[in-house]
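These protein sequence lines are chains A and B, in that order. Mapping the first sequence onto numbering that gives the first Met the number 0, position 133 (from 1) lands on 132, and the numbers just tick up by one. Mapping the second sequence onto numbering that gives the first Met the number 0, position 106 (from 1) lands on 105, and the numbers just tick up by one. These notes are about the structure you will find just below.
Protein chains: 2
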Amino acid sequence: MPPPALHNAVLDAVGRAITSGDVAPGTPLTLESIGTQHHVSRTVAREVMRMLEGLGLVRSRRRVGLVVLPREEWNVLDPRVIRWRLAGPGRDEQLRTLTELRHAVEPLAAAGAARHASAAERAELVDLAARMRVLGSRGDLTDFLALDVRMHELLLRASGNEMFGALAVVVAEVLAGRTHLGLMPASPVPEALDQHEAVAHAVAAGDAPAAEAAMAALVGEVRRALDTATPAEETP
Amino acid sequence: MPPPALHNAVLDAVGRAITSGDVAPGTPLTLESIGTQHHVSRTVAREVMRMLEGLGLVRSRRRVGLVVLPREEWNVLDPRVIRWRLAGPGRDEQLRTLTELRHAVEPLAAAGAARHASAAERAELVDLAARMRVLGSRGDLTDFLALDVRMHELLLRASGNEMFGALAVVVAEVLAGRTHLGLMPASPVPEALDQHEAVAHAVAAGDAPAAEAAMAALVGEVRRALDTATPAEETP
DNA sequence: GGCAAGCCATTGGTGTGACCAATTGCGGCC
DNA sequence: GGCCGCAATTGGTCACACCAATGGCTTGCC
Chain A
0 MPPPALHNAV LDAVGRAITS GDVAPGTPLT LESIGTQHHV SRTVAREVMR MLEGLGLVRS
60 RRRVGLVVLP REEWNVLDPR VIRWRLAGPG RDEQLRTLTE LRHAVEPLAA AGAARHASAA
120 ERAELVDLAA RMRVLGSRGD LTDFLALDVR MHELLLRASG NEMFGALAVV VAEVLAGRTH
180 LGLMPASPVP EALDQHEAVA HAVAAGDAPA AEAAMAALVG EVRRALDTAT PAEETP
Chain B
0 MPPPALHNAV LDAVGRAITS GDVAPGTPLT LESIGTQHHV SRTVAREVMR MLEGLGLVRS
60 RRRVGLVVLP REEWNVLDPR VIRWRLAGPG RDEQLRTLTE LRHAVEPLAA AGAARHASAA
120 ERAELVDLAA RMRVLGSRGD LTDFLALDVR MHELLLRASG NEMFGALAVV VAEVLAGRTH
180 LGLMPASPVP EALDQHEAVA HAVAAGDAPA AEAAMAALVG EVRRALDTAT PAEETP
């Protein structure tokens, strides 16, 4: 692995500070302040600024500095932003909105996969579901997570729509976050295992409607689990 | 308006070259080659590189240069990437996949808006739909586009889910691309106007299922129009 | 006393040159 | 022939210098 680059460390620090709310929107930063606070040169501060700008976290304005943008401007679908926010306050809200996005996308993606997946992809899906069942009976969360991520990524990428494929990193981040933050049961509930198998077999059989329904049920289960875990704060 | 920054011009040029396929994945660029080809200093080339890296178009490796990544790694949901690709080859495929994404997301977003939108947002939606009908009877495409974009953006942002809101820029880019590329009828079809009004009124009335259905019909209409315009190239 | 025009400090934008460090590929040595 | 090590290449970082907007402050006029 490449040694952790300097600008990445600074980017992480500043990105976390902004997404966590420690630095309020409207606050003006300057290249010099970033440089001195993190003991880096203007060059590095400048590159960090460009990356933050690309993430929609700041906007650079002459004579003013780097203005922190309101949350509506953030690229909340970028994996880095998701990771930062999952580690900060508002974690529950984050998981709720991302799960709702999954609810919108993954059923259609499963239907697409049932139509477009290659033979190898169909076989791997069935294999993954079977291995998840085996691992699920034990309590190995990290290995189970890897299979879970792989399965959803495979479904999204095999959907025949690269826009869905681009959301694979989002789903992976959500699954990883849910596990690492201790929001997963010690042992997967049997329903989840059943539903994963149902999706895999429907896709393998090329049954798009069944795949869509099975995936909808799966994500719906996750939504319900989140709703009960986190008392809903409705804004009527 | 701020004067077009130098690095943005270079970013645009290189980004277009990569997304259009003129520079194949795996091709190694160097900071120096970028600098000399576009007559900019290493500083600017470096910032361009960081932005391209943020878009997932390249990965920088020492002693190798900037390796162009395969399409699966691209941030295909980033507005800049979308704009570049809509202007290059594969425009039809791009519109198809983005429309399918809209098909997944916008109905759920409309349902969310029916539940969470503020009074002002509901009023603006109804007003927008009415003005679209007025403008639609004439042939003013650019003004109509502005209303169309505003309405979909409003729906996505009022959905109560910021992930949907983040896709507003995507939808705006699609609508703008469809219009600017001459893929819109000279005068909007009456069905589209009806459906926009149906969505607006359902949201205003707080009828989430009706809003979801109306939006599904609207996007479905778009998909059908695209399918007939572009003979489907199925991969059975 | 209020308001408008113009000056000027601040800050990002760009260029230059230097040196460091990782990585790869070649060539020599065993 | 294979392995080890050296060296060239290239991104990573730094320091310095100058340009160009731009927002605030000051000045001067009405």
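We put the CB at the ideal spot given by N, CA and C, even for glycine. In this text the structure is predicted, and so the values were computed from the model without any measurement.
Query raised in the report: Of the residues that make up the stretch 77-91 of chain A, which ones have a beta carbon closer than 7 Å to any beta carbon in chain B?
Result: none
Requested in this report: Answer yes or no: do residue 39 of chain B and residue 75 of chain B have a C-beta to C-beta separation smaller than 8 Å?
Outcome: no
Requested in this report: Using a cut-off of 7 Å between C-beta atoms, extract the partners of residue 96 of chain A located in chain B.
Outcome: Within chain B, the residues whose beta carbon sits less than 7 Å from that of residue 96 of chain A are 160, 161 and 162, listed in sequence order.
Query raised in the report: Looking at C-alpha atoms only, which residue of B:149, B:181 and B:182 is the closest neighbour of residue 166 of chain B?
Result: B:149
Query - Per-residue contacts from residue 102 of chain B into chain A (C-beta, under 9 Å) - result: 107
Report task. Return the chain-ordered list of same chain residues with a C-beta closer than 6 Å to the C-beta of residue 106 of chain B, the five sequence neighbours on each side being excluded. Result -> 211, 214 and 215
Query raised in the report: To which residues of the same chain is residue 204 of chain A closer than 8 Å at the C-beta, ignoring the five residues directly before and after it?
Result: 113
Query raised in the report: Among residues of its own chain, excluding the 5 on either side of residue 25 of chain A, which ones have a beta-carbon nearer than 7 Å to its beta-carbon?
Result: 66 and 67
**Report entry** Alpha carbon of residue 154 of chain B to alpha carbon of residue 200 of chain B, nearest angstrom
**Finding:** 12 Å
Report task. Please report the residue range of the alpha helix (DSSP H) in which residue 32 of chain B lies. Result -> 30-37
Query - Boundaries of the alpha helix (DSSP H) in which residue 242 of chain B is found, first to last residue - result: Absent from the model: residue 242 of chain B. The displayed extent of chain B is 0 to 235, so no value can be given.
Query raised in the report: residue 99 of chain A CB to nearest chain B CB: under 8 Å?
Result: yes
Requested in this report: Return no unless some Cβ of chain B is closer than 8 Å to the Cβ of residue 75 of chain A.
Outcome: yes
Query - Given residue 133 of chain A as reference, the closest of A:196, A:78 and A:224 once Cα atoms are compared - result: A:196
Report task. Could you check if residue 221 of chain B is buried or exposed, using at least 16 other CB atoms within 10 Å of its CB as the buried criterion? Result -> buried
Report task. My understanding is that residue 225 of chain B touches residue 96 of chain B, with C-beta atoms under 8 Å, so please give their C-beta distance in whole angstroms. Result -> About 11 Å separates the two Cβ atoms, so there is no contact after all.
Query raised in the report: Are residue 28 of chain A and residue 57 of chain A close, meaning C-beta to C-beta below 8 Å?
Result: yes
**Report entry** Alpha carbon of residue 94 of chain A to alpha carbon of residue 193 of chain A, nearest angstrom
**Finding:** 23 Å
Query raised in the report: Between residue 214 of chain B and chain A, is there a C-beta pair that is closer than 8 Å?
Result: Closer than 8 Å: no.
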